[in-house]
Amino acid sequence: MMASEVDWPALGAETRPWVPRIPPDLVAAAIRQRHAGPYQAAIVPAIAHQPLQLPSSVLAFAEQAATELTRFDAELGSDIAPFAAVLLRSESASSSMIENLTSSAKAIVLAELGETAKRNATSIVANTRAMRAALDLANHLSPEAILDMHRALMDGIDPQAGRWREEQVWIGGTTYGPHDATFVPPHHEHVHALIDDLTIFLRRTDLPVLVLAAIAHAQFETIHPFTDGNGRTGRALVHSLLRGRGLARNVTVPISAGLLTDTTRYFTALTDYRNGEPEHIVATFADAAFAATANGRALVADLRGIRAHWSTVITARRGASAWTLADLLLRQPIIDAATVAAELGVAPQNAQRAIAPLVDAGILTEFTGQQRNRMWQARAVLNAIDEFADRAGRRAR
86 MMASEVDWPA
96 LGAETRPWVP
106 RIPPDLVAAA
116 IRQRHAGPYQ
126 AAIVPAIAHQ
136 PLQLPSSVLA
146 FAEQAATELT
156 RFDAELGSDI
166 APFAAVLLRS
176 ESASSSMIEN
186 LTSSAKAIVL
196 AELGETAKRN
206 ATSIVANTRA
216 MRAALDLANH
226 LSPEAILDMH
236 RALMDGIDPQ
246 AGRWREEQVW
256 IGGTTYGPHD
266 ATFVPPHHEH
276 VHALIDDLTI
286 FLRRTDLPVL
296 VLAAIAHAQF
306 ETIHPFTDGN
316 GRTGRALVHS
326 LLRGRGLARN
336 VTVPISAGLL
346 TDTTRYFTAL
356 TDYRNGEPEH
366 IVATFADAAF
376 AATANGRALV
386 ADLRGIRAHW
396 STVITARRGA
406 SAWTLADLLL
416 RQPIIDAATV
426 AAELGVAPQN
436 AQRAIAPLVD
446 AGILTEFTGQ
456 QRNRMWQARA
466 VLNAIDEFAD
476 RAGRRAR
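So, in structure tokens, the structure goes:
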């Protein structure tokens, strides 16, 4: 790889003593010997006030991508309500897919309704909560705000949810120790100071917003301040920045879906950043923005087409609750009587009056086969969301 044209500090390293976590009598002698003695942990430079001069071509590309994000955000106009929820869910799923947590749209929506059988789907719903927390905190980014994002993501999953790590972590290698790892983040005693430095960096106004977001994300992933959930929290942080700086005021642009199209490039760009080459992560995020908006537009077009078709097959009188339910299905494609009653403001016993015309029109199908606790799905909407995921990358059905 050619040397970077950008003067950006690469990581250093420090030697740390290693105390094995696994009792010696439980580990083979060869493994015990390989993971004995000191190890090297990263020294992460502070960046709060670090000058950054990117190549003009990278800056221009990032600005074009930022313009595309703003255009996509504005395009939805008065249709914002149903699509905001769908795009947020899709971004949360894509961010989770980068971590190999995959699930179908149906399983995710069922998890939102309280179904806990599919663990991946439950984790994706938790990621949606983290994304919402990030957007709510967009104008108040601080160490405490980042902890809140992580708590929303990992609460009930990780006992360390919402807490900075207090142990050494590493990426790659084995569970026995950091000696064979591909990357060893900084020792935990440095985490507080590095996060404080990062939150100062987040307030800079001398860098374009997408550049700021890409660099902040790479620095966050390098610090790796949590024992788990760093990637998803770090991508939620990106959306907090985009919202707070006005680049995406209305919807969650599915940036992670763009990153998902080439995860090898994304992970390589993070490694390049640690080697003092920040231009690659900026270019990767710019490419992801273009891919995200293209895929997002396709999803919105599919959903609009579905809704237009429904208007031709619904026979209920205008003003009937079935029409309101049809709009709801774009963001909530699985419903039960309780959901319909709550969303439409009708008595539970009257929910069926909204559901029945959509069943007759072939829009809703009941899928439990039960007489009680029945649920209906809008298969066309679920298919459109699954197709969005398929365009972005792999997905487990």
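Using this note's numbering, read the sequence shown as starting at 86 and increasing by one per residue. Where is the CB? At the ideal position from N, CA and C, for every residue including glycine. All figures in this text were calculated on a predicted structure; none of them were measured in a lab.
| query | result |
| --- | --- |
| Residues in its own chain within less than 6 angstroms of His120 by CB, not counting five upstream and five downstream? | Tyr261, Gly262 and His264 |
| Compute the Euclidean distance between the alpha carbons of Val367 and Gln437, then round it to the nearest angstrom. | 51 angstroms |
| For Leu414 versus Val466, is the C-beta spacing smaller than 8 angstroms? | yes |
| If you reduce the DSSP assignment to three classes, tell me which class Glu252 lands in. | coil |
| DSSP has Gln125 in a bridge; who is on the other side? | Thr100 |
| Going by beta-carbon coordinates alone, are Ala376 and Gly343 separated by less than 8 angstroms? | yes |
| Measure the alpha-carbon distance for Ala477 versus Thr346 and round it to whole angstroms. | 5 angstroms |
| Tell me the DSSP secondary structure of Trp461 in three-state form. | strand |
| Going by alpha carbons, who is nearest to Asn212 out of Pro228, Leu226 and Gly241? | Gly241 |
| Rounding to the nearest angstrom, what Cα-Cα distance links Met86 and Thr307 in this structure? | In this predicted model, Met86 has a pLDDT of only 45, less than 50, meaning its place in the structure is not dependable; the value taken from the coordinates is given anyway. Near 21 angstroms, if we compare the C-alpha coordinates of Thr307 and Met86. |
| Near Ile132, what residues of its chain come up, given a Cβ to Cβ distance below 8 angstroms and the 5 sequence neighbours on each side ignored? | Pro94, Asp282, Leu283, Phe286, Ile300 and Gln304 |
| Can you look up Glu160 in the DSSP assignment and give me helix, strand or coil? | helix |
| Please determine if the segment 389 to 409 and the segment 442 to 454 are in contact, where contact requires at least 3 C-beta pairs separated by less than 8 angstroms. | yes |
| Taking the alpha carbon of Phe268 as the reference point, which residue from Ala278, Thr337 and Ile128 has its own alpha carbon closest? | Ile128 |
| Alpha carbon to alpha carbon, how far is Lys203 from Asn185? | 14 angstroms |
| Out of Gly331, Ala354 and Thr318, which one is the CA nearest neighbour of Ala219? | Thr318 |
| Kindly indicate which residue of Gln118, Met216 and Arg101 has the alpha-carbon position closest to the one of Pro109. | Gln118 |
| Report all residues from its chain with a CB closer than 8 angstroms to the CB of Ser208; omit the five preceding and five following residues, and keep chain order. | Ser181, Leu186 and Ile242 |
| For the candidate residues His134, Pro105 and Ala115, whose alpha-carbon lies nearest to that of Pro123? | Pro105 |
| Taking the straight line between their C-alpha atoms, what separation do you get for Ala126 and Tyr358? | 16 angstroms |
| Identify the continuous beta strand (DSSP E) that holds Asp92 and give its terminal residues. | Careful: Asp92 lies outside any beta strand (DSSP E) and carries neither H nor E. |
| Please say whether Asn335 and Ile165 have beta carbons closer to each other than 8 angstroms? | yes |
| Using the three-state DSSP reduction, which class does Ile366 fall into: helix, strand or coil? | helix |
| Quick check: what's the CA-CA separation for Ala321 versus Met234? | 8 angstroms |
| Would Val425 pass as a contact of Gly381 if the rule is Cβ separation under 8 angstroms? | no |
| Within its chain, find whatever has a CB closer than 8 angstroms to the CB of Ala98; leave out the 5 residues flanking it on each side and keep chain order. | Gln125, Ala126, Ala127 and Ile128 |
| Does the CB of Ala223 have a neighbour CB from chain B at under 8 angstroms? | In the structure shown, chain B cannot be found, because there is only a single protein chain. |
| Does Asp221 come out as helix, strand or coil in the three-state DSSP assignment? | helix |
| In three-state terms, what does DSSP make of Phe352? | helix |
| Taking 8 angstroms as the threshold, find out whether the segment 288 to 302 comes into contact with the segment 136 to 154 through three or more Cβ pairs. | yes |
| Would you mind listing the alpha helix (DSSP H) stretches within the segment 355 to 416 that are 4+ residues and don't spill past its ends, in chain order? | 364 to 398 and 406 to 414 |
| Mind reading off the beta-carbon distance from Phe168 to Leu388? Whole number of angstroms is fine, and I expect it under 8 angstroms. | 7 angstroms |
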